[in-house]
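S.K.:
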Amino acid sequence: MSEQEVTSTDNVGKNEDEIDPAQDPRLELLAKKPDQMEKLIALCFVVAIVCFVAMMVFYVKGSSTQVEGALMAVGFGGLGVGMVAWGKYLMPKGPFEEERHLIGSTEEDQKAFADVFIGRGTVAVKRRSFLGKLLGLATAVFGIFALGPIMDSLGPNPGKALDSTAWKKGSKVVSEHGRAIKVDDLEVGGFMTVFPEGNVGSYDGQTLLIRAGSSDIVTMAGRETWGPKGYLAYSKVCTHAGCPISLYQQETEQLLCPCHQSLFNVLQAAEPVFGPAPRPLPQLPLAIDKNGYIVAQAGYNEPIGPGYWNF
Amino acid sequence: MPSLLKKDKPKQTGAEKATAGAKWLDDRLGLAKGGRVFFNKIFPDHWSFMLGEIALYSFVVLLVTGVFLTLYYVPSADMMTYHGSYAPLKGTQVSAAYNSTLAISFNVRFGLLVRQMHHWAADIFLGAIAVHMCRVFFTGAFRRPRELNWIVGVTLLILGISNGFLGYSLPDDLISGTGLRIMFSVVESIPVVGTHLAFWLFGGNYPGNGVIIPRMYMLHVLLVPAIMVALVGAHLALLVKQKHTQFSGPGKTEKNVVGTPMWPGFMFKTQGYFFLVVAVLAGLGGWAQINPIWQYGQYFPYKVSYAVQPDWYMGWLDGALRIMPSWEFQNFGYMIPNMFFPSVLLPGIAFNIFIVWPFIEAKVRKDYKEHHLLERPRDNPWRTSIGAGALAFFFMLFAASSTDVLANYFNISLNLVLWFFRFATYIIPFIVSAVTYKMCLELQALGQYGGRRKRFNVVLRTAEGEYLSVKTPARPGDLDILSGEEEEPLELTEQVSQKLRESAELIGVSGSESTKVQPPADEGVRTVERD
Ligand code: HEM
Ligand code: FES
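Line by line, the protein sequences are chains A and B.
Mapping of the first sequence onto the numbering used here: position 23 corresponds to residue 23, and the numbering continues sequentially without gaps.
Mapping of the second sequence onto the numbering used here: position 112 corresponds to residue 423, and the numbering continues sequentially without gaps.
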């Protein structure tokens, strides 16, 4: 049935009797030896069948991802090659032609449409424009009502959540396992991730505790007491895009963010010296309590992490 | 069994049954007329028309493999202890999402294959879309009447990139989690509404209250794919309605389409292409490891991943983040963060230009006519050079996403690499544009001879030591470069043919062959003296 159908392809709008299918060169096949081609395609399909049967076997017996992938690739490869060859070599070779017609409607059709739309409908609607306004108002009121439940179910308003962290005056500095840190826990050149006691694992509490020296370090004017016994603490959240800062390079006294390679100068209040980070890492003022534990003198005095609109 | 009795004539029965069935349907739906037009739809025979098909079929693979993954994946951030079969992680704390992705990878038969096929299909889907879009752009296929389909296509690209990012974030591994954190900062950086949007998405300040994974899951498997399926449908419907474009050539005009009809030729071939796409993806899924999340570990907000690498289609955005200077603007107590420029403004501008490009071009070129014949890129140097420049720009951004790798590889300082990209990303596109423009003009100057074969010249030395350059006879399609006309074989002058015969004998070519060499009368033969 297919060949008869295709004859008409070329003759959109023409009388189908005009071309004798027996003499239409477009209906010839591309294959010189169709029977051989058929055998080849059959072979492809047989390969596919074999692969798919093997897949069943391996599904039951279990195998490796490589075997599964190879069988599936060869199986579908067989189907694909077979189908493409079938479509290309054993189907009328063409080329066929199709006429293009104007896509837009005729002017009469457009006018007729306008008559119906405006003449019958819009005019009738406009006559009662007050009703239309009421309808609009009703929908708008519903829309405003819907905002409430939608926004509430999404999440809270930011409020002051971004301004502060769990660190506050006297917070004990603890490790990620909750162990309090004593003044001689870190050697000079050592560093670790710490949290405020009671808030281990929190995102915005994460802080880098660095021992950059053995005596008090002042990173900038006004921070005279913040670095007792060479201990410095900076927010671990990069001020660029919020990745956790990973690396302390002791020789250069720099902190490196792995995401976009921003560098911060440890001895100068974590001033950014390289990369896209625009602001220093906030510094946590430290103190050493009477038992030798490291604690926070106060929370961070500025928001940690990347910038945001309500700064 | 009745069917056994009819065994001698099963074919006829089948055909009759089919006809009856078709009639039954048509009596109720009236499809015959439209169906015929549909089956008659012509597809031009040019390889570049296959790019869209590859995108379509990768998308189908995404849908099918994705459904398989949903049967096992658990969209939950609840923590649990890992008891699966991957030894290094045994006994560690993992989220249900990460746990189920590990289970898909190690404990579900064909699970890892399907998971890797899904990921590869995403990469190839977006690659095919990008190349398909280049084809449409550089040949001017987006011109009237196809502007709407261009817009549908760009929308599909944007949705595809978004859904790829969402899917990438689902396994809750260390790398994807870090990517998600960056996304929080991106949203946060949007002026005025940013912080609210970010809190609404994540259900609170980062990392949120555990809703982000189920929400991304809903978007990834339902909302975005549903919109995409609808848009793909619209894309194809428009294609049928407006018919294909075609390159110009013998018998091809603005008023027709020449090629293979939908039924049967194209349907068979395209079905074959679908199988081939599946085959390639299965091969990749089986052999090319992708996203081995068990190596990265569970995401914890304070843990660090060393190689933060997004999928390739996000690379240009990552590169833009890296080369952005460390600026931040603060005014009236409000801040426009650094992130805003490379990750909101840049893609915003880029995608908006993509979307309105057909209208920009129509306006600039004052060309509002319908076009169904495609242009070759050289035919429109203006557009081609802009497109090439844009490609170079995106490529530079993409390359900038591996500044650290490049610095290591070439053993130069990261500082140098960074500053190179900060300038080169803006300079190189202009150079590429200029070179492309020039190349288009040169190709145009070749005119109709471009790509044609030149006629061979044979250089011979005569017995006297004289050199002769003789044109070989014209073969069909050979053109004379100067006149542009197909050449008639010319008669030999007696002197030249005599010399040729002598030299041919000397070099052992038989006499009859050498007489076939037919040089043109005067300039075809040049004598070269040895000095
Ligand atoms: C535009 C279409 C889509 C794209 C670009 C895409 C992309 C991705 C990517 C890159 C992943 C990460 C895979 C990994 O773990 O390495 C993923 C995961 C996933 N996708 Fe899709 N996907 C698409 C559509 C779908 C659909 C339609 C479904 C379901 C009906 C689906 C279901 C899933 C599931 C359940 C996962 C998580 C399981 C896992 O990570 O192993 N995806 N997707
Ligand atoms: S997040 Fe630290 S450099 Fe980008």
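Backbone N, C-alpha and C fix where the C-beta goes; we use that ideal spot for every residue, glycine too.
Model, not experiment: these values are computed from the prediction.
Closest by CA to ASN410/B, which one among PRO399/B, MET625/B, VAL385/B?
M.R.: The shortest Cα separation from ASN410/B among PRO399/B, MET625/B, VAL385/B belongs to VAL385/B.
S.K.: Mind checking whether the beta-carbon of GLN755/B lies closer than 8 Å to any heavy atom of ligand 1?
M.R.: No; taking the cut-off as 8 Å, the Cβ of GLN755/B has no heavy atom of ligand 1 nearer than that.
S.K.: Between VAL378/B and chain A, is any beta-carbon pair separated by less than 9 Å?
M.R.: No, its Cβ sits nowhere closer than 9 Å to a Cβ of chain A.
S.K.: Go through the region 156-241 of chain A residue by residue and report every complete run of the beta strand (DSSP E) that reaches 3 residues or more, in order.
M.R.: Runs found: 173-175, 191-196, 207-211, 231-235.
S.K.: Is MET529/B near ligand 1, in the sense that its beta carbon is under 8 Å from a heavy atom of that ligand?
M.R.: No.
S.K.: Applying a beta-carbon distance threshold of less than 9 Å, which residues of chain A neighbour TYR368/B?
M.R.: In chain order: nothing, as chain A lies at least about 10 Å away.
S.K.: Residues of chain A with a CB under 7 Å from the CB of ARG492/B: which are they?
M.R.: Here the neighbours are GLY242, CYS243.
S.K.: Check whether the Cβ of ALA433/B sits closer than 8 Å to any heavy atom of ligand 1, and report yes or no.
M.R.: Yes, the beta carbon of ALA433/B sits closer than 8 Å to at least one heavy atom of ligand 1.
S.K.: Can you check DSSP and say which residues form a bridge with GLY395/B?
M.R.: Paired residue(s): none; GLY395/B is not in a bridge.
S.K.: If we call anything under 9 Å between Cβ atoms a contact, is LEU729/B one with THR714/B?
M.R.: Yes, Cβ-Cβ distance for LEU729/B and THR714/B is below 9 Å.
S.K.: Enumerated in chain order, which unbroken segments of the beta strand (DSSP E) with a length of 3 residues or greater are wholly contained in the region 270-311 of chain A?
M.R.: Those beta strand (DSSP E) runs which fall completely within the region 270-311 of chain A and span 3+ residues are 271-274, 286-288, 294-296.
S.K.: Less than 9 Å separating the beta-carbons of THR219/A and ILE304/A?
M.R.: Going by C-beta atoms, THR219/A is not nearer than 9 Å to ILE304/A.
S.K.: Whole angstroms is fine: what's the gap from TYR300/A's alpha carbon to PHE510/B's?
M.R.: So the two alpha carbons sit approximately 22 Å from each other.
S.K.: If we count the other Cβ atoms within 10 Å of its Cβ and call it buried at 16 or more, is VAL348/B buried or exposed?
M.R.: Result: exposed.
S.K.: Just to make sure I have the definition right: I need the residues of chain A whose C-beta is within less than 8 Å of the C-beta of PRO621/B. Which are they?
M.R.: Near PRO621/B there are no residues of chain A at all, since even the closest Cβ is about 11 Å away, more than 8 Å.
S.K.: Between the Cα of PHE195/A and the Cα atoms of ALA212/A, LEU154/A, ALA233/A, PHE145/A, which residue gives the shortest distance?
M.R.: Of ALA212/A, LEU154/A, ALA233/A, PHE145/A, the residue nearest in Cα terms is ALA233/A.
S.K.: With a 10 Å radius around its C-beta and 16 neighbouring C-beta atoms as the bar for buried, classify THR695/B as buried or exposed.
M.R.: Flag for THR695/B reads buried.
S.K.: Can you grab the Cα-Cα spacing for the pair PRO318/A / PRO536/B, in whole Å?
M.R.: In the structure as shown, chain A begins at 1 and stops at 311. Residue 318/A is therefore absent and cannot be evaluated.
S.K.: Does ligand 2 have even one heavy atom less than 8 Å from the beta-carbon of GLN250/A?
M.R.: No, the Cβ of GLN250/A stays beyond 8 Å of every heavy atom of ligand 2.
S.K.: Tell me the start and end of each unbroken alpha helix (DSSP H) in the region 355-403 of chain B that is at least 4 residues and wholly inside, in chain order.
M.R.: Here the runs fully enclosed are 361-381.
S.K.: Which residues, in order along the region 242-263 of chain A, keep a beta-carbon less than 7 Å from a beta-carbon of chain B?
M.R.: Listed by position along the chain: GLY242, CYS243, PRO244, SER246, PRO258, CYS259, HIS260, GLN261.
S.K.: So is the beta-carbon of GLN261/A under 8 Å away from any non-hydrogen atom of ligand 2?
M.R.: Answer for GLN261/A: yes, Cβ within range of ligand 2.
S.K.: Identify the residues that DSSP records as bridge partners of HIS666/B: which are they?
M.R.: A small fix is needed here, since residue 666/B is Ile in this sequence, not His. Paired residue(s): none; ILE666/B is not in a bridge.
S.K.: Does the structure place the region 87-103 of chain A close enough to the region 335-346 of chain B that three or more beta carbon pairs sit under 8 Å?
M.R.: The region 335-346 of chain B vs the region 87-103 of chain A: no contact.
S.K.: Enumerate in chain order the residues of its own chain whose CB-to-CB distance from ASP629/B is below 7 Å, with the five nearest sequence positions on each side excluded.
M.R.: Cβ within range, chain order: PRO621, SER712.
S.K.: Let me confirm a value: HIS443/B is counted as buried when at least 16 other C-beta atoms fall within 10 Å, else exposed. Which label applies?
M.R.: So HIS443/B ends up on the buried side.
S.K.: What ranges does the beta strand (DSSP E) occupy inside the region 559-594 of chain B, keeping only unbroken runs of at least 3 residues that lie completely in it?
M.R.: Whole beta strand (DSSP E) segments, 3+ residues: 567-572.
S.K.: Closer than 6 Å by C-beta to ALA298/A: which residues in its own chain qualify, once you throw out the five before and the five after it? Chain order, please.
M.R.: Taken in chain order, the residues that qualify are LYS169, PRO285.
S.K.: Say whether chain B places a C-beta atom closer than 9 Å to the C-beta of TYR300/A.
M.R.: No, its Cβ sits nowhere closer than 9 Å to a Cβ of chain B.
S.K.: In the DSSP assignment, the alpha helix (DSSP H) including GLU97/A goes from what residue to what residue?
M.R.: Careful: GLU97/A lies outside any alpha helix (DSSP H), inside the beta strand (DSSP E) at 96-99.
S.K.: Can you tell which of ALA745/B, PRO653/B, ALA333/B, VAL716/B has its C-alpha closest to the C-alpha of LEU494/B?
M.R.: The residue asked about is misnamed: residue 494/B is Met in this sequence, not Leu. Among ALA745/B, PRO653/B, ALA333/B, VAL716/B, the Cα nearest to that of MET494/B belongs to PRO653/B.
S.K.: So that I know if they touch, is there some Cβ in chain B lying closer than 9 Å to that of MET56/A?
M.R.: It does not: the Cβ of MET56/A has no partner Cβ on chain B nearer than 9 Å.
S.K.: What are the start and end residues of each continuous alpha helix (DSSP H) run of 4 or more residues lying completely inside the region 482-548 of chain B, in chain order?
M.R.: With a minimum length of 4 residues, the continuous alpha helix (DSSP H) runs that stay inside the region 482-548 of chain B are 485-499, 505-513, 523-529.
S.K.: The alpha helix (DSSP H) with LEU470/B in it runs from where to where?
M.R.: Its alpha helix (DSSP H) spans residues 458-480.
S.K.: Can you name the start and end residues of the beta strand (DSSP E) that MET646/B belongs to?
M.R.: It spans 645-647 - the beta strand (DSSP E) in which MET646/B sits, taken as one unbroken run.
S.K.: What residues from chain B crowd round GLN66/A, counting only those whose CB sits closer than 7 Å?
M.R.: Within 7 Å Cβ-Cβ: GLY597, TRP598.
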